[in-house]
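Colleague: Can you keep this structure in mind? I'll have questions shortly.
2 protein chains.
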Amino acid sequence: MIKFFDVLRKCSLFDGIEDENLDKILHCLRATPDFYDKKFTIFTEGKPVKYIGIVLSGSVQAVQVDYYGNRSILTETTPGGMFGQAFACSGAIPDTLSYIASEPSDIMLLDCNHILHTCSNNCGFHQQMIYNLMKNMANANIELHQRIEITSKRSTREKLMAYLSLYAQKTGSNEFDIPFDRQELADYLEVERSGLSSEISKLRAEGVIESNKRHFVINM
Amino acid sequence: MIKFFDVLRKCSLFDGIEDENLDKILHCLRATPDFYDKKFTIFTEGKPVKYIGIVLSGSVQAVQVDYYGNRSILTETTPGGMFGQAFACSGAIPDTLSYIASEPSDIMLLDCNHILHTCSNNCGFHQQMIYNLMKNMANANIELHQRIEITSKRSTREKLMAYLSLYAQKTGSNEFDIPFDRQELADYLEVERSGLSSEISKLRAEGVIESNKRHFVINM
DNA sequence: TAAATTCTGTTGAAAATCCAACAAAACGGA
DNA sequence: TCCGTTTTGTTGGATTTTCAACAGAATTTA
Chain R
49 MIKFFDVLRK CSLFDGIEDE NLDKILHCLR ATPDFYDKKF TIFTEGKPVK
99 YIGIVLSGSV QAVQVDYYGN RSILTETTPG GMFGQAFACS GAIPDTLSYI
149 ASEPSDIMLL DCNHILHTCS NNCGFHQQMI YNLMKNMANA NIELHQRIEI
199 TSKRSTREKL MAYLSLYAQK TGSNEFDIPF DRQELADYLE VERSGLSSEI
249 SKLRAEGVIE SNKRHFVINM
Chain P
49 MIKFFDVLRK CSLFDGIEDE NLDKILHCLR ATPDFYDKKF TIFTEGKPVK
99 YIGIVLSGSV QAVQVDYYGN RSILTETTPG GMFGQAFACS GAIPDTLSYI
149 ASEPSDIMLL DCNHILHTCS NNCGFHQQMI YNLMKNMANA NIELHQRIEI
199 TSKRSTREKL MAYLSLYAQK TGSNEFDIPF DRQELADYLE VERSGLSSEI
249 SKLRAEGVIE SNKRHFVINM
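Protein chains in written order, with our numbering: chain R, 49 to 268; chain P, 49 to 268.
Right under this line is the structure:
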C-alpha cells in the first residue's frame, strides 16, 4: 500500500484529506491493491459494477464492441484516476461496456456503499469523500462532452486535429506523447485505422504536424 | 409554483423528500420559475454555468456548433429533468456548448452552492439532495455513454436503428413518438439530414419500420 | 539470435456520406 | 383563407470513408 501512497493522495476522491488520515480511510474501506495483466477485463459488460476502480499504475480503458465488431474506446484512465463510478453509484448495468486493463496495471477497488454510508467506526471522512465523488463525476461528465465534441466532427482529419489540439491544451505544450497506439486512437476517434494512418501522413507532408509513433508535434 | 408542483416532485433532486417539505426547500433555495421562448439560450457557451436547471415544461437541448457549422445535440431534457449540473458543480466553463430551449419552456434555476452547503436556516435536506444530485450525475453519465454507443455506429442506418431500439426499450413499446424533428434527429445522430431522410424511406420500404413524422413503429 | 507476432503505412476499388438544389407538404400568422 | 416560412423527402455528383490485402518496421518470445 505504501508503494502507491503518492498516487493515492493525488486521486481526487481523497482531496482535502490529510495524509495521516488516508491510511485510516483505506483501512475503513477495506481497500487493497490488485494486479491485472494487460487485456484483463476488470468489469465485464452485462454484469453489475460493484466497485469504484482507482488506477495505481498502468491504465484502464472503457471499451465497447458492437454487433459488427467495431470497437470504441470511451475513456482512458491513468494513474490517480477513477473508473466505473457512474455505474457503481447508479446501480445501472453496462450492457455493452467493459473496463479493460490496457497495460499491466495495479488497481484498487472500493465498495461504493462504504464510501456513501457512514461507517460504524465513525470515521468522519465520508462527507468529504461524497463531495469529492460528486465533483469527480461532474468532471467525468465533462470529459465525455469533450470526447463527443471530438468524435462529432465529420471527417477523420478534423477528428484527429480536434483530439491533438485538446491534448496539447491539456498538457500545455504543442509537443507530447499520446496514450494510444494507432488502432486505439482509431477506436477512440471512431474512424478506420488505415484511413487514420494515411491522414496522419498527409498532415505530416503538409507540415501541419510532425509525428513519430505516439509522439506528436503541432506546428502553428 | 403550485402550478409546477407535480413536475417538481418527480425531479430526482427531490427524491425521498416529503411533499410538505418541498415548499420549504424551494423557499430556502430562493427558486422561482422563469419562462423562456423557443430558441432562447439559457446557458451560453464560453460563460460559467452558475445554476442547475430544472425543466418544468417544454424542453432544453445541450447543443454545440463547430467551426464548420455542424450542429450536434448532446442531450434533450424533458419536464422533471435537470441540465447543466456537471458544469455548475465542477465550475468548468462549457467552451463550445450551450443550453437552449427547444420549445417555449418553464425553467427553474437553482444555485448549486445553496444545494451543496448547509444553509443558515438549518433546513436539514441538503444531505439528501447532495446524495440525489450524485445519483443524478451518475445517470447523466450513463446517458452520455448510451448516446456514444449510438453515434459510434459507422453508418446512418445503424445509428438510426440503434437510436430507435433504445427509445423503444426506454418507453417499453415498439410504437412511440420521438422528441426530435428530422434536422434535430440528424444533429443528435451526427449525420446528414438528407441522408437520414432517405435512409428512413429505405427502411420503410423494406418493412423494417413504419413512420410518419415523429411517430415510429419498429416491426419485429 | 532467430522466429513469430504485432504494429504501421500504403494502395485501390467499393460503398457510403456529404452537399446543393429542388419540390411537395405541413404549418403558422395575418 | 391566403401567403410566407419551415419541414421533409428526393436525387445525382463530388468527396470521403471503408474494406481488404500486403509489406516493411518494430517488438516480443523462445
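The beta-carbon is built from N, C-alpha and C at its ideal position, and this holds for glycine as well. All of these numbers come straight from a predicted model, not from anything done at the bench.
(1) What residue range does the alpha helix (DSSP H) around valine 55 (chain R) cover?
(2) Alpha carbons only, please: which of R:Val111, R:Pro152 and R:Leu158 is nearest the one belonging to threonine 144 (chain R)?
(3) My parser needs the beta strand (DSSP E) runs of 3 or more residues fully inside the stretch 75-117 of chain P; what are they?
(4) I need the boundaries of the beta strand (DSSP E) containing aspartate 235 (chain P), first residue and last residue.
(5) Alpha carbon to alpha carbon, how far is glycine 220 (chain R) from threonine 199 (chain R)? Give it in angstroms, no decimals.
(6) Report the three-state DSSP secondary structure of phenylalanine 173 (chain P) (helix, strand or coil).
(7) Of the residues that make up the stretch 218-249 of chain R, which ones have a beta carbon closer than 7 Å to any beta carbon in chain P?
(8) Determine which residues of the stretch 194-214 of chain R have a Cβ less than 8 Å from any Cβ of chain P, and write them out in chain order.
(9) Give every residue of the same chain whose Cβ lies closer than 7 Å to the Cβ of glutamate 151 (chain P), excluding the five residues on either side of it in the sequence, and list them in chain order.
(10) Step through the CB atoms of chain R and report whether any lies within less than 8 Å of the CB of threonine 144 (chain P).
(11) Going by beta carbon distance, what residues of the same chain come within less than 7 Å of asparagine 184 (chain P), once the five residues before and after it are set aside?
(12) Leaving aside the five residues before and after threonine 123 (chain R) along the sequence, list all residues of the same chain whose C-beta is less than 6 Å from its C-beta, in chain order.
(13) According to DSSP, is asparagine 260 (chain R) part of a helix, a strand, or is it coil?
(14) Give me the residue from R:Gln176, R:Val265 and R:Leu164 with the minimum Cα distance to histidine 165 (chain P).
(15) How big is the Cα-Cα spacing for alanine 253 (chain R) and leucine 233 (chain R)?
(16) For chain P, find out if any of its Cβ atoms is closer than 8 Å to the Cβ of methionine 185 (chain R); answer yes or no.
(17) From which residue to which residue does the beta strand (DSSP E) around methionine 156 (chain R) run?
(18) Between serine 60 (chain P) and chain R, is the shortest Cβ-Cβ distance under 8 Å, so that the two count as touching?
(19) Given a cut-off of 8 Å, decide if methionine 182 (chain P) and isoleucine 190 (chain R) are closer than it, judged by their beta-carbon atoms.
(20) Between R:Tyr147, R:Gly128 and R:Glu197, which lies nearest to alanine 136 (chain R) when the distance is taken from Cα to Cα?
(21) Answer yes or no: does any C-beta atom of chain R fall closer than 8 Å to that of asparagine 260 (chain P)?
(22) I'd like the list of long-range same chain contacts for glutamate 93 (chain R), defined as Cβ closer than 7 Å, with 5 residues on each side in sequence excluded.
(23) Using the Cα positions of leucine 237 (chain R) and aspartate 114 (chain P), report the straight-line distance between them to the nearest angstrom.
Modeller: Result, derived from the coordinates:
(1) Taking the first residue of the first sequence as 1, we reach residue 55 (chain R) at position 7. Unbroken alpha helix (DSSP H) run through valine 55 (chain R): 53-58.
(2) Counting from one through the first sequence, the residue named residue 144 (chain R) turns up at place 96. Ranking R:Val111, R:Pro152 and R:Leu158 by Cα distance to threonine 144 (chain R) puts R:Val111 first.
(3) Restricted to the stretch 75-117 of chain P, the beta strand (DSSP E) segments that are unbroken, complete and at least 3 residues in length are 81-84, 89-91, 99-105 and 108-113, listed in chain order.
(4) As a working mapping, residue 235 (chain P) is identified with position 187 in the second sequence. Where aspartate 235 (chain P) is concerned, there is no enclosing beta strand (DSSP E), although the alpha helix (DSSP H) it sits in stretches over 230-237.
(5) Sequence index remark: in the first sequence, residue 199 (chain R) carries index 151 (1-based). Sequence index remark: in the first sequence, residue 220 (chain R) carries index 172 (1-based). Whole-angstrom Cα-Cα distance: 22 Å.
(6) Locating residue 173 (chain P) in the second sequence gives position 125, where the first residue counts as 1. Coil, per DSSP.
(7) Glu238
(8) Arg195, Ile196, Glu197, Thr199, Ser200, Lys201, Arg202 and Glu206
(9) As a working note, residue 151 (chain P) is residue 103 in the second sequence. These residues qualify, in order along the chain: Lys86, Gly106 and Ser107.
(10) Along the second sequence, read from residue 1 onward, the residue named residue 144 (chain P) stands at position 96. Threonine 144 (chain P) counts as touching chain R.
(11) For the purposes of this step, residue 184 (chain P) is taken as the residue at position 136 of the second sequence. Closer than 7 Å at the Cβ level, and outside the excluded window around asparagine 184 (chain P), lie Ser60, Leu61, Met130 and Gln133.
(12) Taking the first sequence and counting its residues from 1, one reaches residue 123 (chain R) at position 75. If you ignore the 5 residues before and after threonine 123 (chain R), its C-beta comes within less than 6 Å of the C-beta of Ala110, all in its own chain and listed in chain order.
(13) Position 212 of the first sequence, counted from the first residue, corresponds to residue 260 (chain R). If DSSP states are grouped into helix, strand and coil, asparagine 260 (chain R) belongs with the strands.
(14) Here residue 165 (chain P) refers to the residue found at position 117 of the second sequence. Nearest to histidine 165 (chain P) by alpha-carbon distance, out of R:Gln176, R:Val265 and R:Leu164, is R:Gln176.
(15) As a first step, residue 253 (chain R) must be located in the first sequence, where it is residue number 205. As a first step, residue 233 (chain R) must be located in the first sequence, where it is residue number 185. A straight-line Cα-Cα distance of about 20 Å links alanine 253 (chain R) and leucine 233 (chain R).
(16) Here residue 185 (chain R) is taken as the residue at index 137 of the first sequence, counted from 1. With 8 Å as the cut-off, methionine 185 (chain R) counts as an interface residue toward chain P.
(17) Position 108 of the first sequence, counting from 1, holds the residue named residue 156 (chain R). 153-159 is the extent of the beta strand (DSSP E) around methionine 156 (chain R).
(18) To locate residue 60 (chain P), count along the second sequence from 1; it is residue 12. Not one chain R Cβ lies under 8 Å of serine 60 (chain P).
(19) Start at 1 with the first residue of the first sequence, and residue 190 (chain R) comes out as number 142. Start at 1 with the first residue of the second sequence, and residue 182 (chain P) comes out as number 134. Not in contact: isoleucine 190 (chain R) and methionine 182 (chain P) (Cβ atoms no closer than 8 Å).
(20) Position 88 of the first sequence, counted from the start, is the residue given in the question as residue 136 (chain R). If we check each option's Cα against that of alanine 136 (chain R), R:Tyr147 comes out closest.
(21) Locating residue 260 (chain P) in the second sequence gives position 212, counting from the first residue. It does not: the Cβ of asparagine 260 (chain P) has no partner Cβ on chain R nearer than 8 Å.
(22) Numbered from 1 along the first sequence, position 45 holds the residue referred to as residue 93 (chain R). The answer, listed in chain order, is Pro142, Asp143, Thr144, Leu145 and Ser146.
(23) If you number the first sequence from 1, residue 237 (chain R) lands on position 189. If you number the second sequence from 1, residue 114 (chain P) lands on position 66. The alpha-carbon atoms of leucine 237 (chain R) and aspartate 114 (chain P) are separated by roughly 16 Å.
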